[in-house]
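Report on the structure given below.
There are 2 protein chains.
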Amino acid sequence: MNQENPLLEAFKETEYQIPGHGKRDISVLKEALETIDGQLESDVYGNGKVIEDFQEKIAKYLGKESSVFFPSGTMAQQIALRIWCDQKSLQKVAYHPLCHLEIHEEDGLKKLHGIEPILLADKERVITLKDVVNMKEEISCLLLELPQREIGGQLPEYEELAAISNYCRDKGIKLHLDGARLFEILPFYQKTAEEICSLFDSVYVSFYKGIGGIAGAILAGPKDFTDESKVWKRRHGGDLISLYPYIISANYYFDQRVNKMEQYYEEAKELAALYNQCYCVKTVPLEPVSNMFHVYFTVPKNELEPILRELYNETGIGLTGSLREVSNSECYFEVNIGDQYTKIPSERLKKVFF
Amino acid sequence: MNQENPLLEAFKETEYQIPGHGKRDISVLKEALETIDGQLESDVYGNGKVIEDFQEKIAKYLGKESSVFFPSGTMAQQIALRIWCDQKSLQKVAYHPLCHLEIHEEDGLKKLHGIEPILLADKERVITLKDVVNMKEEISCLLLELPQREIGGQLPEYEELAAISNYCRDKGIKLHLDGARLFEILPFYQKTAEEICSLFDSVYVSFYKGIGGIAGAILAGPKDFTDESKVWKRRHGGDLISLYPYIISANYYFDQRVNKMEQYYEEAKELAALYNQCYCVKTVPLEPVSNMFHVYFTVPKNELEPILRELYNETGIGLTGSLREVSNSECYFEVNIGDQYTKIPSERLKKVFF
């Protein structure tokens, strides 16, 4: 069917797939709903037990006073930045050049909220304290993404993070965490979510990355902040009469997977080491700091694709469904370790790498 | 549990409830999912069979070139108006003073899109051709809501509607349909959805009112319009990785109920006649033009509430869970006829009204 993407088709036909939790099919929702009594009442425009209980649970987990469930992180984060900007009457923020808001949201932050972003650091590395201190312009809010997804999921050292947080507090700059993959980085830092989040004024977390839910996000922070975010949620068209399909699945898979992040992290390091043994292959980061990394090939994309397809056919193991071109001579793909990796018999995996 | 709203609690405890399709509980989603193979793949950021098939089906039903599924009507309609305003480089629209965008969206249209609305007609009646012709300011788009929900679901005559449409086309004003309850008005007009929609440049329909789905909306119009709406959908944070819980239920209940609107309409007329026989009671409209109407009581809200609670206890039949105050001496509630009305034995219903 998908003749435009033969690599994806070959990937889907493999017996085992290395990345992720499994197919994103309807059974993911069906499984979560099986645990729920049909008589449980829907949430209604942000109210009701199903949404309030989950918001309370995640606020507590993150060590924040309050939290609000959003249909998407795109919505939650634009709103977070808008609130902090309005509070300071300064429509200026700073973030990484490969921030989700800068490259994946069709400039919603600029076109809906009139907020101007300052881009910090180079595209290849994470933001440092030096970048923040050397910033010439005044800003209302600094957004840090942990891990920095578009560069393989890199992280600053914890001490650097704490220093940035201290500096921002001193300077009256709000610090917002793009924690789309927050759960995934806790094993590296050996900190609780609460400890990491205490460095930030507001936090967004996602429930369909490492957690593997259907969609949805939480925005957490002080109660006056989350109260204001509910008004903006309505303005954005995100205050749906019922969000429970996302909330129930977020809660179900959160309980299943939030304590498996250490396992995914260890497996990511093991797998990255296997990739790094291969000719013309290098992972970024060289040693992963979460469940994710990027795999770079010094091979043209159009040459690598048929090689991978043949490998999938021969071994029955899929590495990726999507290659991205870096240049005429280089390409890469992203790996996220989830429940599938551990299901692959090690002798089968060996056939791929040896 | 809900001690702040004893009327709602008494309503929920009744054996039969007059309005609606039934409880908004999780079983609504479970039932829709039972019909679906678990291996059906999720939509992914607006692509995939589950979303594309439904968009095509509804576009065809509405007689429009193309359509896009949105998580909410709030999002869909702000975006529709933004596109038409940008096209004319004039950030001005017109709508009814009780338009959803004016009273239920926390001024999202103004605060996110910088669009200024002109309010047409009085609060008590629908917009006429005369209102449009007499408008002094130039606008990009006129929004008509059919039926006008906040005044009991009133409708203009079809000829009036056609005349407004002709006038707008002549003057280069785009005409947008707030068709949250479009399916519900077709029996009154004795027209197809396609015939009604042909008068409009763009159309929004909802799937959780008369259709009774979980949430979600469709925005339909020319292909270049819907293509642009997808960009804005991403900016708003509505381009979720998976919208299928809403799409599958919208499709399931659309098929079940879209042809029952005539029945709901006849039942609404029957029920309104029963109310109008009562002392101190009047419906708006006096004869409904869809499945909905408002019931006005010349009785103070705090006096009517205990009377209704007693009636619910005595008869086992719930009329409404929510009264709204008009003045110290008047209050009203809204009725929407769905699947529940016909389940009430007529001798039981008689006990309420005679």
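Note that the protein sequences, when read in sequence, are chains A and B. Mapping of the first sequence onto this note's numbering: residues 2 to 355, in sequence order. Mapping of the second sequence onto this note's numbering: residues 2 to 355, in sequence order. C-beta: ideal position from N, C-alpha, C; glycine also.
Under DSSP, the beta strand (DSSP E) around residue i begins and ends at which residues?
i        : result
B/Asp179 : 175-180
A/Leu143 : 142-146
If you reduce the DSSP assignment to three classes, tell me which class residue i lands in.
i        : result
B/Met262 : helix
A/Glu326 : strand
A/Asn277 : helix
A/Gly214 : coil
A/Phe70  : strand
B/Tyr46  : coil
B/Thr227 : helix
B/Phe208 : coil
B/Lys352 : helix
B/Leu287 : coil
B/Ser28  : helix
B/Glu195 : helix
A/Leu63  : helix
A/Glu10  : helix
A/Glu331 : strand
A/Met2   : Reliability of the predicted coordinates at A/Met2 is poor, the pLDDT of 45 falling under 50, and no value is obtained from them.
B/Arg235 : helix
A/Leu82  : helix
B/Asp240 : coil
A/Lys137 : coil
A/Glu267 : helix
CB-CB under 8 Å to residue i, same chain, minus the five flanking residues each way: which ones, in chain order?
i        : result
A/Gln341 : Tyr17, Gln18, Ile19, Pro20, Gly21, His22, Gly23
A/Cys86  : Gln92, Lys93, Val94, His114, Ile116, Ser141, Cys142
A/Glu125 : Ile152
A/His105 : Thr75
A/Asp123 : Pro98
Within the same chain, show all residues whose beta-carbon is closer than 6 Å to that of residue i, passing over the 5 residues directly before and after it, in chain order.
i        : result
A/Met293 : Gly154, Asn337
B/Ser207 : Gly74, Ala181, Ala218
B/Gly214 : Phe208, Ser250, Ala251, Tyr254
B/Glu335 : His295
So what does residue i bridge to, in DSSP terms?
i        : result
B/Ile338 : B/Gly21
B/Leu120 : B/Tyr96
B/Lys282 : First, the amino acid is wrong: residue 282 of chain B is Val here, not Lys. DSSP output for B/Val282 lists B/Phe298 as bridge partner(s).
A/Ile318 : A/Tyr17
B/Met293 : B/Asn337
B/Ala221 : B/Ser68, B/Val204
B/Gln149 : B/Gln155
To the nearest angstrom, how far is it from the Cα of residue i to the Cα of residue j?
i        : j        : result
B/Ile248 : B/Gln257 : 14 Å
B/Arg349 : B/Phe298 : 22 Å
B/Tyr254 : B/Gln40  : 21 Å
B/Ile152 : A/Glu151 : 51 Å
B/Phe333 : B/Phe12  : For clarity, residue 333 of chain B is Tyr in the given sequence; the question names Phe instead. In a straight line, the C-alpha of B/Tyr333 is about 16 Å away from that of B/Phe12.
A/Leu30  : B/Phe184 : 29 Å
B/Arg310 : B/Val353 : 12 Å
B/Tyr205 : B/Pro346 : 36 Å
B/Ser203 : B/Glu304 : 45 Å
B/Glu229 : B/Phe70  : 13 Å
A/Pro289 : B/Ile197 : 58 Å
A/Glu268 : A/Pro188 : 12 Å
B/Asn135 : B/Tyr168 : 12 Å
B/Leu178 : A/Ile52  : 32 Å
A/Asp132 : A/Leu121 : 6 Å
A/Tyr369 : B/Leu220 : No information on residue 369 of chain A is available, as it lies outside the stretch 2 to 355 that chain A covers here.
A/Ile174 : A/Lys224 : 19 Å
B/Gly109 : A/Lys234 : 9 Å
B/Thr316 : B/Leu272 : 16 Å
A/Thr36  : A/Ile212 : 17 Å
Excluding sequence positions up to five away, which residues of its chain have a Cβ less than 7 Å from the Cβ of residue i?
i        : result
A/Tyr276 : Val282, Thr284, Val296
B/Glu138 : Lys93, Ile119
A/Lys344 : Tyr17
What are the boundary residues of the alpha helix (DSSP H) that residue i is part of?
i        : result
A/Arg170 : 159-172
B/Lys112 : 109-114
B/Asp38  : Careful: B/Asp38 lies outside any alpha helix (DSSP H) and carries neither H nor E.
A/Leu102 : 101-104
B/Ser244 : A small fix is needed here, since residue 244 of chain B is Leu in this sequence, not Ser. Run containing B/Leu244: none; DSSP gives neither H nor E here.
A/Val133 : 130-134
A/Pro188 : 183-190
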